[in-house]
Amino acid sequence: MERNAVVIDTGARGISLYIKYFYKDNRIFN
29 MERNAVVIDT GARGISLYIK YFYKDNRIFN
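Its first residue numbered 29, the sequence shown is counted upward by one per residue in this note's numbering.
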């Protein structure tokens, strides 16, 4: 259970970072 929670937390952080960089790129292109 704890391992799964850590994996989910890490995945959520990765997704949030990906969204941050994605929006930064959109700002530059737009």
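Quick reminder that beta carbons are idealized off the backbone N, C-alpha and C, glycines included. A quick note: this is a predicted structure, and the numbers were derived from the prediction, not measured.
Just how far apart, CA to CA, sit residue i and residue j?
i, j, result
"residue 30", "residue 37", "11 angstroms"
"residue 39", "residue 50", "16 angstroms"
"residue 32", "residue 41", "14 angstroms"
"residue 53", "residue 46", "11 angstroms"
"residue 43", "residue 35", "12 angstroms"
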